[in-house]
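Here is the structure we will look at.
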Amino acid sequence: MVFLKRNKENNYLTNLIYFNICVFIVIGIFNVFFYLLQLDFELIDYLGVSSNTNIVIKKPWTIISYMFVHIGIFHLLVNLLVLHFSGKIFLEYLSKHQLLSTYLMGGMIGAITYILTFNLFPVFEEIRISSIAIGASASIFAILFAITTYVPNFSINLFFINGIKLKHIAIITLIIDILSIPKGNPGGHIAHIGGALYGSFYIYMYKRNMNSGYLMESLISWVLKKNVIQYKKNESDYEYNTRKKKEQEEIDGILDKINRSGYNSLSEKEKQILFKQK
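Using this note's numbering, you'd call the opening residue of the sequence shown number -10 and step up by one each time.
Next comes the structure, spelled out in structure tokens:
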């Protein structure tokens, strides 16, 4: 198991997990109705992303929708466990906007990698027309490889293995995916690799003060800010004062940490919180 300090922004990770679960349940309920009514209809055909470019052009939303779709409880649970594990570490160093941006951008880059690869290599010619990719794996790989690139030597206790480093986990999973391409589900493995490459590239650029996810993060910030403004309008005086008190306590804690250990001891999230108060 991985033990980490509590993070106020973890609710965004939790909401992301819940959203994936809700989509899984909704699709399952619809499939029951289709079965009872003997309708030959598959939601996956409208939510999964196809490697056939003609279909993708007609259904462009699938480049996003596919990353929230899972078939089978095992597929869902494995993905959400990895998302929870990597997302918790991610939020220790980076922001909620970056988490959501990396999830979405990683998923989209994974889909594009899958489509390009299936149209480039002749080995996929026979299955290209009918192949469909689903699942959050590419998005999750983007998060895992992003935080691995940011803190490669972050050490965790995983089950019965103590002190294993993130970079070792990432390397092992990447090698397994590459070697598994000829052995089944090549589209999924290729999408994973695309997501992983984006996550690493994002942090590589981020460390050099270049943000490859700027547009997506700006969009997320705008949406969240709009929702927060609407929420604040509905706050009572008591709720407003309670929220402001908690925010001030958080700032006081950060200032105390600076007094004890200096500004460089702050995490990226703490620096962003302090910056917003200026």
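Note that beta-carbon positions come from the ideal geometry of N, C-alpha and C, so glycine has one too.
All values reported here derive from a predicted model rather than from experimental measurement.
Please classify residue i: does DSSP put it in a helix, a strand, or coil?
{"i": "Gly251", "result": "coil"}
{"i": "Glu136", "result": "Per the sequence shown, residue 136 should be read as Ile rather than Glu. It is helical."}
{"i": "Asn9", "result": "helix"}
{"i": "Asn146", "result": "strand"}
{"i": "Ser40", "result": "coil"}
{"i": "Gln219", "result": "In this prediction, Gln219 has a pLDDT of 49, which is less than 50 and means its spatial position is unreliable; what the coordinates show is noted afterwards. Helix."}
{"i": "Lys154", "result": "strand"}
{"i": "Lys(-3)", "result": "Bear in mind that a pLDDT of 49 at Lys(-3), under 50, signals an unreliable position, so the model cannot answer this."}
{"i": "Met199", "result": "coil"}
{"i": "Pro175", "result": "helix"}
{"i": "Ile169", "result": "The sequence shown places Ser at residue 169, not Ile. If DSSP states are grouped into helix, strand and coil, Ser169 belongs with the helices."}
{"i": "Ser256", "result": "coil"}
With distances taken between CB atoms, is the gap from residue i to residue j smaller than 8 Å?
{"i": "Ile123", "j": "His73", "result": "no"}
{"i": "Val132", "j": "Leu88", "result": "The question names Val, yet the displayed sequence has Ile at residue 132. For Ile132 and Leu88, yes; Cβs fall inside 8 Å."}
{"i": "Tyr55", "j": "Val38", "result": "yes"}
{"i": "Phe8", "j": "Phe57", "result": "yes"}
{"i": "Ile98", "j": "Gly176", "result": "no"}
{"i": "Leu80", "j": "Leu26", "result": "no"}
{"i": "Val12", "j": "Tyr82", "result": "no"}
{"i": "Asn41", "j": "Arg117", "result": "yes"}
{"i": "Leu93", "j": "Met205", "result": "yes"}
{"i": "Lys47", "j": "Tyr35", "result": "no"}
{"i": "Gly76", "j": "Ala127", "result": "no"}
Tell me which same chain residues have a C-beta within less than 7 Å of the C-beta of residue i, skipping the five on either side of it?
{"i": "Thr179", "result": "What sits at residue 179 in the sequence shown is Ile, not Thr. If we look at Ile179 and ignore the five residues flanking it on each side, its Cβ neighbours are Thr102, Tyr103, Thr106 and Ile170."}
{"i": "Thr91", "result": "Ala131, Ile132, Ala135, Gly188, Tyr191 and Gly202"}
{"i": "Asn248", "result": "none"}
{"i": "Ala159", "result": "Leu133, Phe134 and Thr137"}
{"i": "Asn0", "result": "none"}
Name the residue from the options whose alpha carbon lies nearest to the alpha carbon of residue i.
{"i": "Gly188", "options": "Ser201, Met56 and Gly177", "result": "Ser201"}
{"i": "Trp50", "options": "Ile62, Val112, Gly61 and Ile33", "result": "Ile33"}
{"i": "Lys258", "options": "Leu155, His86 and Ala159", "result": "His86"}
{"i": "Ile129", "options": "Asn20, Glu206, Ala100 and Lys47", "result": "Ala100"}
{"i": "Leu65", "options": "Ile14, Leu186, Ser119 and Ile240", "result": "Ile14"}
{"i": "Ile6", "options": "Ile52, Gly251, Glu31 and Ala125", "result": "Ala125"}
{"i": "Asn292", "options": "Lys172, Glu31, Tyr252 and Ile121", "result": "Limits of the chain in this structure are -10 at one end and 267 at the other, which puts residue 292 out of reach."}
{"i": "Val67", "options": "Tyr195, Ile10 and Ile150", "result": "Ile10"}
Leaving out five residues before and five after residue i in sequence, what residues of the same chain have Cβ atoms less than 8 Å from its Cβ?
{"i": "Ile167", "result": "His178 and Ile182"}
{"i": "Ile243", "result": "Leu255, Glu259, Ile262 and Leu263"}
Leaving out five residues before and five after residue i in sequence, what residues of the same chain have Cβ atoms less than 6 Å from its Cβ?
{"i": "Asn142", "result": "Lys154"}
{"i": "Leu144", "result": "Before going further, note that residue 144 is Ser rather than Leu in the sequence given. Answer for Ser144: Gly152 and Lys154, listed in chain order."}
{"i": "Phe30", "result": "Phe23"}
Review point. Along the chain, which unbroken stretches of the alpha helix (DSSP H) at least 4 residues long are found entirely within the stretch 26 to 72?
Key: 33 to 36, 42 to 47 and 51 to 54
Review point. Quick one: complete alpha helix (DSSP H) runs, 4+ long, within the stretch 72 to 130?
Key: 85 to 109 and 114 to 117
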